[in-house]
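Worksheet for the structure shown next.
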Amino acid sequence: MYSFGHFKKIGLILIILLGIILFFVDPEYSAFIPKCPFRWFTGFDCPACGSQRAIHQLLHLNIKGAFGYNPFLMLSFPYLIALVITQWFDPQNRLARLKRICRHQITVNTYLILIIVWWIARNLLPIFRDTTSSIG
Numbered sequence: 001m002y003s004f005g006h007f008k009k010i011g012l013i014l015i016i017l018l019g020i021i022l023f024f025v026d027p028e029y030s031a032f033i034p035k036c037p038f039r040w041f042t043g044f045d046c047p048a049c050g051s052q053r054a055i056h057q058l059l060h061l062n063i064k065g066a067f068g069y070n071p072f073l074m075l076s077f078p079y080l081i082a083l084v085i086t087q088w089f090d091p092q093n094r095l096a097r098l099k100r101i102c103r104h105q106i107t108v109n110t111y112l113i114l115i116i117v118w119w120i121a122r123n124l125l126p127i128f129r130d131t132t133s134s135i136g
């Protein structure tokens, strides 16, 4: 009934629509954009807190501002983009080596460990604490 190609097209359309919304609507000042439920419930930042604001800044080519909201997201973009490209846009498997590296157990485990370390560090170390907004 539905092939992976259909889901890929729907996914791309959703990503583009979300990008357009985040370009025109600043999550910092919008009640329309959802806030982080983890931060709302606990008062702590999750690893993704600040991502919407970071992407908004990135779409406006403000790299420094984007990095200020979520540095881990900014540093993760090359890996995340490589995952998407090798999964969705390489049907002839021309990027097989990159795909193997991205999906290798050591790479995935290292990334998951870095997410956990980032999660802890951003809540314990004042240098990483997001003080720009009351809710994620």
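For the sequence shown, our numbering assigns the number 1 to the initial residue and increments by one for each residue that follows.
Note that the Cβ used here is the ideal one computed from N, Cα and C, for glycine as well.
#### Entry: For Ile-33 and Val-25, believed in contact at Cβ under 8 Å, the rounded distance
Cβ-Cβ separation between Val-25 and Ile-33: approximately 6 Å, consistent with a contact (criterion under 8 Å).
### Query
Going along the chain, which residues of its own chain have a beta-carbon closer than 8 Å to the beta-carbon of Lys-8, five neighbours each way excluded?
Excluding positions up to five away in sequence, the list reads Trp-88.
### Query
If you draw a straight line from the C-alpha of Leu-75 to the C-alpha of Tyr-69, how long is it?
The alpha-carbon atoms of Leu-75 and Tyr-69 are separated by roughly 12 Å.
### Query
Exposed or buried, what is Arg-53 when buried is set at 16 or more other beta-carbons lying within 10 Å of its beta-carbon?
Arg-53 should be labelled buried.
### Task
Could you round the C-beta distance between Leu-59 and Gly-19 to whole angstroms and report it? I think they count as a contact, below 8 Å.
Indeed they touch by this definition, with Cβ atoms about 6 Å apart.
### Query
What residue ranges within the segment 41-98 form continuous alpha helix (DSSP H) runs of no fewer than 4 residues, ordered along the chain?
Segments of the alpha helix (DSSP H) lying fully in the segment 41-98: 51-59, 63-69, 71-88.
### Query
Do Trp-119 and Cys-46 come within 9 Å of each other at the CB atom, strictly closer than that value?
Closer than 9 Å, so yes.
### Task
Would you kindly check if the distance between the Cβ of Thr-86 and the Cβ of Leu-98 is under 9 Å?
Here Leu-98 is near Thr-86, since their CB atoms are less than 9 Å apart.
### Own chain, CB closer than 6 Å to Gln-57, minus 5 neighbours either side, in chain order
Gly-65, Ala-66.
### Query
Helix or strand or just coil, what does DSSP make of His-153?
This structure leaves residue 153 out entirely; the chain is present only between 1 and 136.
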